[in-house]
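Asks: Once you've had a glance at the structure underneath, I'll fire off some questions.
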Amino acid sequence: MVEMMHNMTFAEIKIGDSATLTRTCSMKDVELFGVATGDLNPTHYSAESAEKFAHHRKVLAHSMWGGSLLSALLGNELPGPGTVYRSQDIEFETPVEVGDSVTVTVTVTEKSAPTTVVFDCLAVNQKGETLFTGRARVQAPLEKVIQPRMELQEVALRRRHHVFEDIIARCADLAPISVAVCHPCDQVSL
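Residue 127 in the working numbering sits at position 117 of the sequence shown, with consecutive numbering throughout.
And the structure:
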């Protein structure tokens, strides 16, 4: 059965309404976020760099990886499809480490015509530590939307300079072969 997604229109939203999303941050999440944004900060890719520069023993996720969960929650759940993100203010308190289970919650605090809704935002990890707090302002949809939930494509990361590792690994147990390389580079040889 196809899972459906629906929104809450501006008229349906009430002060105090809230929604929650929980995601566990994986190294693949960090790498995908880095590829998408071009953020090469070494604290996101090695524990040694995280310890040296940020005084953490584990690889740290990009701060905005957590912030982007707010966008997913607002766009998918409350208000949901048809939402337009207008502004966001986030104060990061505790870094997200790879392996953390991050729970983000948005709660409606203000509504103003014709479509503006303001949310308090909170993110905590599996230990209950506050990761970040903030506020988001959106343009809520006026029309009801009910549609099938899209299935996103699988994304595979591939290291640019390691394209031959698989071939080399498959040949590791083979006996060496004799090879001659001919490299003509003058007019007569060509």
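No residue lacks a Cβ here, since even glycine has one placed at the ideal position from N, Cα and C. Since the model is a prediction, treat every value here as computed from it, not as a measurement.
1. Need the endpoints of the alpha helix (DSSP H) that Ala-46 sits in, please.
2. Take Tyr-95 as the anchor and find which of Ala-82, Thr-30, Val-106, Lys-137 has the nearest alpha-carbon.
3. Quick check: Lys-68 and Glu-103, are their CB atoms within less than 9 Å of each other?
4. How close, in whole Å, do the beta carbons of Pro-151 and Thr-93 come, if the pair is a contact with beta carbons under 8 Å?
5. Could you check what DSSP says for Phe-63 in three-state terms: helix, strand or coil?
6. Per DSSP, what kind of secondary structure is Ile-23 in: helix, strand or coil?
7. Shorter than 8 Å, the distance from the beta carbon of Cys-195 to the closest heavy atom of the ligand FAD, or not?
Replies: Taking the geometry as given:
1. 37–47
2. Ala-82
3. No, the pair does not count as a contact, with Cβ atoms beyond the cut-off.
4. 6 Å
5. helix
6. Coil, per DSSP.
7. The ligand content of the structure shown is nil, which means the ligand FAD is not present either.
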